[in-house]
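So the structure is just underneath, and the comments pick up after that.
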Amino acid sequence: MDFSATTALVGLLVGFFVGLTGVGGGVLLAPALIALGIQPTVAVGTDMVYGTLTKLVATLRNIRAGRVNWRWVGALATGSVPAGLVGSLVVHWLRSHHADAEGILLKALGAVLALAATLSLVGELLKYKGLLHSRFDWTPTDRRSFARVALFGAAIGFVVGLTSVGSGSLIALLLVFGSKLAPRDLVGTDIAHATLLVAAASLAHAGIGTVNWGLAANLLCGSIPGVLLGSRLMDIAPARPLKVGMCSLVWLAGARMLLT
Numbered sequence: 000m001d002f003s004a005t006t007a008l009v010g011l012l013v014g015f016f017v018g019l020t021g022v023g024g025g026v027l028l029a030p031a032l033i034a035l036g037i038q039p040t041v042a043v044g045t046d047m048v049y050g051t052l053t054k055l056v057a058t059l060r061n062i063r064a065g066r067v068n069w070r071w072v073g074a075l076a077t078g079s080v081p082a083g084l085v086g087s088l089v090v091h092w093l094r095s096h097h098a099d100a101e102g103i104l105l106k107a108l109g110a111v112l113a114l115a116a117t118l119s120l121v122g123e124l125l126k127y128k129g130l131l132h133s134r135f136d137w138t139p140t141d142r143r144s145f146a147r148v149a150l151f152g153a154a155i156g157f158v159v160g161l162t163s164v165g166s167g168s169l170i171a172l173l174l175v176f177g178s179k180l181a182p183r184d185l186v187g188t189d190i191a192h193a194t195l196l197v198a199a200a201s202l203a204h205a206g207i208g209t210v211n212w213g214l215a216a217n218l219l220c221g222s223i224p225g226v227l228l229g230s231r232l233m234d235i236a237p238a239r240p241l242k243v244g245m246c247s248l249v250w251l252a253g254a255r256m257l258l259t
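In numbering that gives the first Met the number 0, the protein residues as written are 0 to 259.
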C-alpha cells in the first residue's frame, strides 16, 4: 500500500471514530500522523487544515439549525484567535532557533493529548454519574465576564496554535460548567468557535510552511465517508465504551510522547 492510500485510510478511520463517538479529530489525527513518520510540526499544521475544513461543514449545518450562540463565540474568539496565532508563531520560532524543535513540540503535544484525554474521561464519568451540568454562569453579558471568557479562550488558543489539540475538548468544559446553554447549542457554539480558531491558526501554519497540502487532501478523501458511516452507526454502537477506550489509547500515546 502506498503512502497516499495509507493516509486516506487513516482519514477514513479517524472520520469514522469521530462520527461514531464525537471524540475530536485533533486528539486522534496528530498522533496517528506522527506514528506514520510525519514530523510533529508538519503533523500539527496539516491537522489544523484538516480540522478547519471538517469543522466548517459542521458549523454551517449548526448555523442553519440556529444552534450557535454568537455572544459566546465572539468572547472566546477575542482571546483565542490572536493567542492561536501566537502559538503558531512559537512553532516557527522553535524551528528557527532550536535544533530539537521537533522533539520539544512532540513533548508539548504529548502533554496536551494526555490532558485532553484525561478531561474527556472525567467528563464521561461525570456524565455517567449525572453530575455534568452548569456550575457557574459566565455568560459574557458585561465587560468583566467578557474579559474572563476571553482570557480563558486565549489560554486554549495558544495551546491549539502550538499543538492543534484542545479547540473542542477544552472549550467544551468551559461551556458545560460556565454557561447555561442547552446541550444542542453548546455543541454548535463549541464547533463554531473551534472553526474560527483553527482557521486562523491554519493560515499561520501555512505561512510558516508546516502544512502538507497533499497529505491534507488524502486525509479528507478518507474522512468524509468515514464521518458519514460513523454517524449512521452512532445510534446502534456502544459509543461510551468506545469513547473511553479511545481516550485511554490517546492518553497512552500522549504519555509515550512525553517519555520519548
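Just so you know, even glycine gets a beta-carbon here, dropped at the ideal spot from N, CA and C.
Treat the numbers as computed from the prediction; the structure is a model and nothing was measured.
How many Å lie between residue 253 and residue 240 at the Cα?
-> Inter-residue distance for residue 253 and residue 240 is about 20 Å (C-alpha atoms, whole angstroms).
Using the rule of at least 16 other Cβ atoms within 10 Å of the residue's Cβ for burial, across every protein chain shown, is residue 136 buried or exposed?
-> exposed
Contiguous alpha helix (DSSP H) assignments of at least 4 residues, all confined to the stretch 202-259 | 212-232 and 238-258
To the nearest whole angstrom, what separates the beta carbons of residue 165 and residue 111, a pair I think is in contact under 8 Å?
-> 6 Å
Alpha carbon to alpha carbon, how far is residue 89 from residue 200?
-> 12 Å
Residue interval of the alpha helix (DSSP H) (run including residue 151) | 142-162
Check whether the Cβ atoms of residue 108 and residue 39 sit closer than 8 Å, and answer yes or no.
-> For residue 108 and residue 39, yes; Cβs fall inside 8 Å.
Compare the Cα-Cα distances from residue 248 to each of 31, 18, 19 and 9 and report the closest residue.
-> 31
Mind checking residue 56: buried by the 16 CB within 10 Å criterion, or exposed?
-> exposed
Neighbourhood of residue 187 by C-beta, 6 Å cutoff - its chain only, sequence neighbours within 5 removed | 61, 66 and 67
CA-to-CA distance, residue 190 to residue 15, given in whole angstroms | 18 Å
Can you tell me the Cα-Cα spacing of residue 197 and residue 72, whole angstroms?
-> 13 Å
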